[in-house]
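All remarks here apply to the structure that follows.
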């Protein structure tokens, strides 16, 4: 399978030109030629099968043979808000793995104890796109620009909201509290955890405190555990 | 908390000397001194609290104050047999994350389609030890030397055996087939998957074929998914 990510394709069109980079990759690297079959995903749920009609190395022309809509559509909506890790590779690893397992939206939250307060969205999005292609997903997870935690909490969310933290206090388990096939927002704090004040504010904003088990997990592991649990509980 | 991994400590002894490397780290880097408290884990389930009685930079003497036995004892036994990934970093990530989440034993299996047929156990063990300390676990997962898959299959295992693969065929889900608090062995293949012959041999050796969901997962993600599921189902 030769899969290309083509977010600008119109599902109604019968032909398409690969951009310069993709054309070069297809013709020069993969050595594709006229009548070879390729597959396209637009990140919005459409999976296309296409045939090369002109193997131009800068502007390869394709004829669309078929479109599958809502390919691999997920049965719930998962938004994870996670504090970027000090070592950015750990966040990158989370983004790759969450994309493979299943996620819809990621927000990067800046918290009081965050050691990292910025992240290069373009680079991180490339990692997501690569995982989308590798795991053959027609939906591309949305990655939002970093925002302060307080702003995330003030934004309305039509679904269940959770906050995972290690401070003392009453906590519930996801398996006994989620509505199946629902919409979920889960917040995961930075290396030093959320502050008691941040947790209090979250609870006032209808976030429910959850536990992700007895193990002491790193930020990116906790975020992935939440992603795993939500997918597993909706299977 | 100042945690040291001391696999050679005797649970019955009342004093202990840190080795040269740990002594140097404790005294020169952490700047610990007489009467400071440190914690020790032996990897066999014992968690010690100790007091520095002689802050020698090569042979720090400790007095054991207390020992907690079976600290964080797991309620099931999980052995994952995984083919080492072509890019060793992917296997290293798995080892770190599995240690955080909970695992007892890891075997590295050499399969017909394995692109990597060796791995440096000492280096990989250091990654596990580091994750053991970071996540404060008194039990150290056991990492076995690489072995051919056929040899693993011929070895007896007192528990349930599973094989995850992407070939067609009947597959069960772990959530409907594991005995709670049991002993489990799960096999995960290399990048190109197990061969049909390997799967057939496994089924003849009482392995049950399982699915880990609908997503196409990389080797290390599949291994981690199995680890997540087993821990989650036993929670």
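Chains as they are written, first to last, in the numbering used here: chain A, 1 to 235; chain B, 236 to 470.
Note that CB positions come from ideal geometry on N, CA and C, so glycine has one too.
Just so we're clear, the structure is a prediction, and the values are computed from it rather than from any experiment.
query                                                                                                                              : result
Any beta strand (DSSP E) of 3 or more consecutive residues that is wholly inside the region 111 to 196 of chain A                  : 160 to 164 and 183 to 188
Spatially closest choice to residue 410(B) from 446(B), 274(B) and 327(B), by CA coordinates                                       : 446(B)
Same chain, Cβ closer than 8 Å to residue 407(B), neighbours up to 5 away in sequence not counted                                  : 443, 444, 445 and 446
Whole-angstrom distance between residue 296(B) and residue 233(A), CA atom to CA atom                                              : 50 Å
Proximal chain B residues relative to residue 45(A), where beta-carbon distance stays under 9 Å                                    : Within chain B, no residue comes near residue 45(A); the closest Cβ sits about 15 Å away, beyond 9 Å.
Touching by the beta-carbon criterion (3+ pairs, under 8 Å), the region 378 to 385 of chain B and the region 452 to 465 of chain B : no
Touching by the beta-carbon criterion (3+ pairs, under 8 Å), the region 90 to 104 of chain A and the region 4 to 12 of chain A     : no
DSSP three-state assignment for residue 79(A), whether helix, strand or coil                                                       : strand
Beta carbon proximity, residue 91(A) to chain B, threshold 8 Å                                                                     : no
Supposed contact pair residue 184(A) and residue 159(A) - C-beta distance, whole angstroms, cut 8 Å                                : 6 Å
Interface residues of the region 124 to 136 of chain A facing chain B [CB-CB below 8 Å]                                            : 134, 135 and 136
Minimum Cβ-Cβ distance from residue 448(B) to chain A less than 8 Å                                                                : yes
Chain A within 8 Å of residue 267(B), Cβ atoms only                                                                                : no
CB contact check: residue 500(B) to chain A, cutoff 8 Å                                                                            : Nothing can be reported for residue 500(B), as the shown portion of chain B is limited to 236 through 470.
Contact belief for residue 370(B) with residue 335(B) at Cβ below 8 Å, rounded distance in angstroms                               : 5 Å
Where residue 306(B) falls: helix, strand or coil (DSSP)                                                                           : coil
Residue 232(A) at chain B interface by Cβ criterion, 8 Å                                                                           : yes
For residue 163(A) and residue 193(A), the rounded distance between their alpha carbons                                            : 11 Å
Nearest-angstrom Cα separation, counted from residue 153(A) out to residue 388(B)                                                  : 52 Å
Check whether residue 89(A) and residue 127(A) have beta carbons under 8 Å apart                                                   : no
Where the beta strand (DSSP E) containing residue 294(B) begins and where it ends                                                  : Per DSSP, residue 294(B) belongs to no beta strand (DSSP E) and is neither H nor E.
Min CB distance residue 191(A) to chain C below 8 Å                                                                                : Looking for chain C here will not work: the only protein chains present are A and B.
Boundaries (first-last residue) of the alpha helix (DSSP H) holding residue 457(B)                                                 : 454 to 468
Three-state secondary structure (DSSP) of residue 278(B)                                                                           : strand
Residues near residue 167(A) by beta carbon distance below 8 Å, same chain, minus five either side                                 : 193, 194, 196 and 199
Cutoff 8 Å; reference residue 404(B); Cβ partners in own chain excluding five residues on either side                              : 434 and 444
Residues that residue 208(A) bridges to, as DSSP identifies them                                                                   : 162(A)
Helix, strand or coil at residue 18(A) according to DSSP, with G and I counted as helix                                            : coil
Cβ pair residue 378(B), residue 356(B) closer than 8 Å                                                                             : yes
Partners in chain B for residue 221(A), counting only beta-carbon separations shorter than 9 Å                                     : 331, 332, 335, 336 and 370
Exposure of residue 236(B), with buried meaning 16 or more beta-carbon neighbours within 10 Å                                      : exposed
Beta-bridge pairing of residue 6(A) - partner residues as DSSP gives them                                                          : In DSSP, residue 6(A) forms no bridge with anything.
Residues near residue 304(B) by beta carbon distance below 7 Å, same chain, minus five either side                                 : 280 and 281
Residues bridged to residue 340(B) [DSSP beta-bridge criterion]                                                                    : 314(B) and 377(B)
Amino acids of chain B, ordered along the chain, whose beta-carbon sits closer than 8 Å to that of residue 225(A)                  : 336 and 463
With 16 other Cβ atoms within 10 Å as the buried cut-off, status of residue 235(A)                                                 : exposed
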